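**Student:**
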Amino acid sequence: MVGEVEPLKDLQQESSRGRIIQRVIEEYPERLIPSDTKFYRLRINPKNPSDPMEYDSPPIEFSGNGRLDSSDLSVMYGSQDIDVCIHECRASTDDDIYVATFITSRELRLLDLTHVLEEDETEFESLDMAIHMLFLAKSHSYEISRAIVKAAEYAGFDGVIYPSFFSLIRTGGHPFETSYGLSLRRYHPERDKYADAYTIKNLALFGYPLQSDLVKINSINRLIITHVGYQGHFGPVEY
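The working numbering numbers the first residue of the sequence shown as 75 and each following residue consecutively.
1. Counting pairs of Cβ atoms below 8 Å between the region 283–302 and the region 159–171, do you hit three or more?
2. Are there 16 or more other CB atoms within 10 angstroms of the CB of Pro310, so buried, or fewer, so exposed?
3. Less than 9 Å separating the beta-carbons of Phe176 and Tyr272?
4. Under 9 Å, do Leu242 and Met127 count as touching if we go by C-beta distance?
5. How is Gly92 classed by DSSP in three states: helix, strand or coil?
6. Going by DSSP, name the residue or residues bridged to Asn295.
7. Apart from the five residues just before and just after Val190, which ones in its own chain have a Cβ nearer than 7 Å to its Cβ?
8. Where are the alpha helix (DSSP H) runs, 4 residues long or more, that stay fully inside the region 147–215, in chain order?
9. Where does Arg117 fall in DSSP's three states?
10. Considering Cα atoms alone, identify which of Gln305, Gly281, Glu197 and Tyr282 is closest to Gly247.
11. So is Pro263 buried or exposed if we call it buried at 16+ other beta carbons inside 10 Å?
12. From Gln87 to Arg180, what distance separates their C-alpha atoms?
13. Tell me whether Gly314 is buried or exposed, calling it buried when 16 or more other Cβ atoms sit within 10 Å of its Cβ.
14. Could you check if Val149 is buried or exposed, using at least 16 other CB atoms within 10 Å of its CB as the buried criterion?
15. Taking C-beta to C-beta, are Thr64 and Ile107 nearer than 9 Å?
16. Does the distance from the CB of Gly140 to the CB of Tyr216 come in under 9 Å?
17. Identify, in the order they occur along the chain, each residue of the same chain with its Cβ nearer than 8 Å to the Cβ of Phe231, setting aside the five sequence neighbours on each side.
18. Hey, could you find the ends of the beta strand (DSSP E) Arg105 is sitting in?
19. Could you pull out every residue in the same chain whose Cβ sits closer than 7 Å to the Cβ of Glu80, ignoring the five residues on either side in sequence?
20. Do you know how far the Cα of Pro249 is from the Cα of His307?
21. Helix, strand or coil: how does DSSP classify Ser219 here?
22. Out of Ile274, Cys159, Arg244 and Leu142, which one is the CA nearest neighbour of Ala226?
23. Candidates Glu192, Ala174 and Arg91: which alpha carbon is nearest Tyr19's?
24. Would you mind sorting Tyr102 into buried or exposed? The rule is 16 or more other CB atoms within 10 Å of its CB.
25. Does the beta-carbon of Arg93 have 16 or more other beta-carbons within 10 angstroms, so that it is buried, or is it exposed?
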């Protein structure tokens with residue numbers, strides 16, 4: 075697969091971004107997360123580790139540094155995979171790490187950005203491929219992803235389900251795998267299972283979910299890292 079993905083190019087242009095974001099809101103599915111669904115939220119060096127409010131979304135004056143939060147929208151990030159929580163927070167053995175286990179207090183309405191869209195277009199015209207690539211990108215992409223979640227909040231969603239940046243490292247997958255030049259994400263005979271196998275689904279809940287009783291804390295625990303393992307390979311210094 076060699077070429078440019080047109081919806082991704084349009085997302086990078088302010089003049090066309092709104093049109094593509096509207097497609098995202100309309101074409102990606104709504105997921106209803108039932109009450110009592112469990113997920114984790116990790117904090118490094120909190121001032122008062124036993125205080126439940128330490129694990130709610132940060133105050134608005136501290137928002138705007140992450141992939142989805144912005145200066146006018148606080149976001150609670152969470153995951154059902156503790157290893158991914160550690161990676162997302164860049165935690166190390168020198169840190170005091172605490173994990174809050176949350177459960178949802180009621181059914182939540184989330185926009186699922188991990189869904190594999192069924193499309194008739196080629197990879198180069200694919201909205202699915204554009205969003206997939208967006209969440210594999212680094213901080214230069216945050217302006218776009220923040221605009222998407224603001225639109226989701228405006229549309230009445232409680233939050234979004236989004237793919238972790240560390241999905242491939244966690245699962246051992248490879249980006250943009252192809253067969254005979256065709257994207258396996260789009261043309262694998264069991265593409266939904268293929269995508270799920272290499273995607274860690276994180277949660278981002280809008281506002282202050284703990285304060286507003288969307289979620290409640292089941293437990294707070296200190297996390298001690300006792301083992302770390304890596305796999306990798308050498309690559310060229312220059313291309």
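Even for Gly, the Cβ is constructed at its ideal location relative to N, Cα and C. Predicted model, so just to flag it, every value in this text is computed and none were measured.
**Tutor:** For this structure:
1. With the cut-off at 8 Å, the region 283–302 and the region 159–171 touch.
2. Taking the sequence shown and counting its residues from 1, one reaches residue 310 at position 236. In summary, Pro310 is exposed, with fewer than 16 beta-carbon neighbours lying within 10 Å of its beta-carbon over all protein chains present.
3. Along the sequence shown, read from residue 1 onward, the residue named residue 176 stands at position 102. Along the sequence shown, read from residue 1 onward, the residue named residue 272 stands at position 198. In this structure, Tyr272 does not lie closer than 9 Å to Phe176 by Cβ.
4. Working through the sequence shown from its first residue, we reach residue 242 at position 168. Working through the sequence shown from its first residue, we reach residue 127 at position 53. The Cβ-Cβ distance between Leu242 and Met127 does not fall below 9 Å.
5. Numbered from 1 along the sequence shown, position 18 holds the residue referred to as residue 92. The three-state reading of DSSP puts Gly92 in helix, counting H, G and I together.
6. In the sequence shown, residue 295 corresponds to position 221, counting from 1. Paired residue(s): Val173.
7. Indexing the sequence shown from 1 puts residue 190 at position 116. Result list for Val190: Asp202, Arg259, Arg265, Asp266 and Ala269, in chain order.
8. Entirely contained in the region 147–215, the alpha helix (DSSP H) runs reaching 4 residues are, in chain order, 156–162 and 201–208.
9. Counting from 1 along the sequence shown, the entry for residue 117 is found at position 43. In this structure, Arg117 counts as strand in the three-state DSSP scheme.
10. Along the sequence shown, read from residue 1 onward, the residue named residue 247 stands at position 173. Residue Gln305 is the option with its Cα nearest to Gly247.
11. Residue 263 sits at position 189 when you count from the first residue of the sequence shown. That one is exposed.
12. Along the sequence shown, read from residue 1 onward, the residue named residue 87 stands at position 13. Along the sequence shown, read from residue 1 onward, the residue named residue 180 stands at position 106. Rounded to whole angstroms, the gap between the alpha carbons of Gln87 and Arg180 is 38 Å.
13. Within the shown structure, residues of the chain are numbered from 75 to 313, placing residue 314 beyond reach of any answer.
14. Locating residue 149 in the sequence shown gives position 75, where the first residue counts as 1. So Val149 counts as buried.
15. Shown here, the chain extends from 75 to 313; a query on residue 64 therefore has no answer.
16. Translated into positions along the sequence shown, residue 140 becomes position 66. Translated into positions along the sequence shown, residue 216 becomes position 142. Against a cut-off of 9 Å, the Cβ pair of Tyr216 and Gly140 comes out as a contact.
17. Within the sequence shown, the letter at position 157 stands for residue 231. Within the same chain, and ignoring the five residues on either side of Phe231 in sequence, the residues whose Cβ sits closer than 8 Å to its Cβ are Glu104, Arg183, Leu184, Leu185 and Phe280.
18. What you label residue 105 is simply residue 31 of the sequence shown in a count that begins at 1. Residues Glu104 to Ile107.
19. On the sequence shown, residue 80 is found 6 positions in, with the first residue counted as 1. Taken in chain order, the residues that qualify are Phe198 and Glu199.
20. The residue given as residue 307 occupies position 233 in the sequence shown. The residue given as residue 249 occupies position 175 in the sequence shown. Each residue's CA atom was taken as its position, placing His307 and Pro249 some 15 Å apart.
21. Here residue 219 refers to the residue found at position 145 when the sequence shown is read from its first residue. In the structure shown, Ser219 sits in a helix (DSSP, three-state: H, G or I).
22. If you number the sequence shown from 1, residue 226 lands on position 152. Of the candidates Ile274, Cys159, Arg244 and Leu142, the residue whose Cα lies closest to the Cα of Ala226 is Leu142.
23. Here the chain has residues from 75 to 313 only, and residue 19 is not among them.
24. Here residue 102 is taken as the residue at index 28 of the sequence shown, counted from 1. Tyr102 should be labelled buried.
25. In the sequence shown, the residue the question calls residue 93 occupies position 19. So Arg93 counts as exposed.
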